[in-house]
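Using UniProt numbering, you'd call the opening residue of the sequence shown number 1 and step up by one each time.
Positions of the beta carbon are idealized from the N, C-alpha and C atoms, including for glycine.
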Amino acid sequence: MTSEERTLEELLREILRLNYDKPKICDLVNEGILSVQVNKVMKAFENDSEVFPQGNEIKHWNKVNIRNWADSIKGTEITKNPEFLEEMIAVL
Numbered sequence: 001m002t003s004e005e006r007t008l009e010e011l012l013r014e015i016l017r018l019n020y021d022k023p024k025i026c027d028l029v030n031e032g033i034l035s036v037q038v039n040k041v042m043k044a045f046e047n048d049s050e051v052f053p054q055g056n057e058i059k060h061w062n063k064v065n066i067r068n069w070a071d072s073i074k075g076t077e078i079t080k081n082p083e084f085l086e087e088m089i090a091v092l
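#1: In terms of alpha-carbon separation, which member of Lys59, Asn30, Val36, Val38 lies closest to Asn47?
#2: What residues in its chain sit with their C-beta under 8 Å from that of Trp61, if we drop five residues either side in the sequence?
#3: Tell me the DSSP secondary structure of Gln54 in three-state form.
#4: Quick check on this structure: which residue in Glu83, Lys43, Asn39 has the alpha carbon closest to the alpha carbon of Leu9?
#5: Grouping DSSP H, G and I as helix and E and B as strand, with all else coil, what is Trp61?
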């Protein structure tokens, strides 16, 4: 981790600090919901696509892999599936 990178715990504390006056955001942090979602995205990032595999972990994809994946999902019903959201964010 570089000096600019922060742990998830540090980021969550920063989110609370910056959003102390926004109860819905604070609830997402305090109830662990945001942490769970971030961990799901990170798990997706550490694996290949479950729907349109490219033969490598998402974190190692190149522009061609990303374009192939994006072209494969464009206009499909999978993009409307909430369970696919973590993978979409991981690719971004």
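Per the coordinate set shown:
#1: Lys59
#2: Gln54, Trp69, Val91
#3: coil
#4: Note on residue identity: the sequence assigns Glu, not Leu, to residue 9. With respect to the C-alpha of Glu9, the residue from Glu83, Lys43, Asn39 having the closest C-alpha is Asn39.
#5: coil
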